[in-house]
Amino acid sequence: EAQVTQNPRYLITVTGKKLTVTCSQNMNHEYMSWYRQDPGLGLRQIYYSMNVEVTDKGDVPEGYKVSRKEKRNFPLILESPSPNQTSLYFCASSSQNEKLFFGSGTQLSVL
Amino acid sequence: AQKITQTQPGMFVQEKEAVTLDCTYDTSDPSYGLFWYKQPSSGEMIFLIYQGSYDQQNATEGRYSLNFQKARKSANLVISASQLGDSAMYFCAMREGGSNYQLIWGAGTKLIIKP
Chain A
183 EAQVTQNPRY
193 LITVTGKKLT
203 VTCSQNMNHE
213 YMSWYRQDPG
223 LGLRQIYYSM
233 NVEVTDKGDV
243 PEGYKVSRKE
253 KRNFPLILES
263 PSPNQTSLYF
273 CASSSQNEKL
283 FFGSGTQLSV
293 L
Chain B
73 AQKITQTQPG
83 MFVQEKEAVT
93 LDCTYDTSDP
103 SYGLFWYKQP
113 SSGEMIFLIY
123 QGSYDQQNAT
133 EGRYSLNFQK
143 ARKSANLVIS
153 ASQLGDSAMY
163 FCAMREGGSN
173 YQLIWGAGTK
183 LIIKP
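Here the protein sequences come in this chain order: A and B.
Going by the numbering used here, the first sequence opens with residue 183, and the numbers climb by one from there.
Going by the numbering used here, the second sequence opens with residue 73, and the numbers climb by one from there.
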């Protein structure tokens, strides 16, 4: 089944404790992206990647890191999470000119 | 300037009625695509329908259709015979021709279907 797998689904952590949200797709998509969703603000792009070893900042990259060492994986790293990073996070992927496929989301709470 | 505008933050509609969710866009690119996604309370993002700027016909997918008015730069989603399960957030998004991948998102409309 074609899918984007994102883990964990829920995560509660404390300020400053490094965390990684994993994202993997099985559709051989070139493009992968991370969004955060906050009430009233819609989806805002954090980082995206056009292919292996190619990553670019989105609209709200501060406080986040990503890597794309393999085509299928695109982890999101928060080196030192802060409470303002409490949000719902989505990973998504697509091939050229196709719709975006989304993961099921990660609800992150930073205390 | 907003590139994608969804003017209705929230809507209440009676079950079985048709619903129109508004979306206007702004681009100078002649080639672009418009997407609608649904986000139920469970949180996942579900693709509904796509319209390309050069498509001659309005897109339809089951009970969903897209009322594409190019001159007015609007791409409204129409849901016929609404059901309780249609209650969700709905997002409009645009991909401009210069980008093969990137989507620009509207702020969303929260739709509630009343029984």
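A virtual CB, placed ideally from N, CA and C, is assigned to each residue, including glycine.
Model, not experiment: these values are computed from the prediction.
Under the three-state reduction of DSSP, Gly124(B) is assigned to strand.
The alpha-carbon of Lys142(B) is positioned some 38 angstroms away from that of Asn255(A).
Rounded to whole angstroms, the separation of the alpha carbons of Ile121(B) and Tyr192(A) is 29 angstroms.
Interface with chain A (7 angstroms Cβ-Cβ cutoff): Glu116(B) is included. Counting only Cβ-Cβ distances below 7 angstroms, Trp177(B) has contacts in chain A at Gly224 and Leu225, in chain order.
Short of 8 angstroms from the beta carbon of Cys95(B), and not among the five residues preceding or following it, lie these beta carbons of its own chain, in chain order: Ile76, Thr77, Gln78, Leu106, Trp108, Ser146, Ala147, Asn148, Leu149, Cys164 and Gly178. Nearest Cα to Gln123(B) within the set Glu116(B), Met117(B) and Ala131(B): Ala131(B). Around the beta carbon of Lys110(B), a 10 Å sphere encloses 16 or more other beta carbons of the protein chains shown; the residue is thus reported as buried. Counting only residues of its own chain and dropping the five nearest sequence neighbours on each side, Tyr97(B) has a CB closer than 7 angstroms to the CB of Lys75, Ile76, Leu106, Lys145, Ala147 and Met166. Excluding residues up to 5 positions away in sequence, Ser206 lie with their Cβ nearer than 6 angstroms to the Cβ of Thr187(A) in the same chain.
Between the alpha carbons of Ile259(A) and Ser249(A) lies a gap of roughly 9 angstroms.
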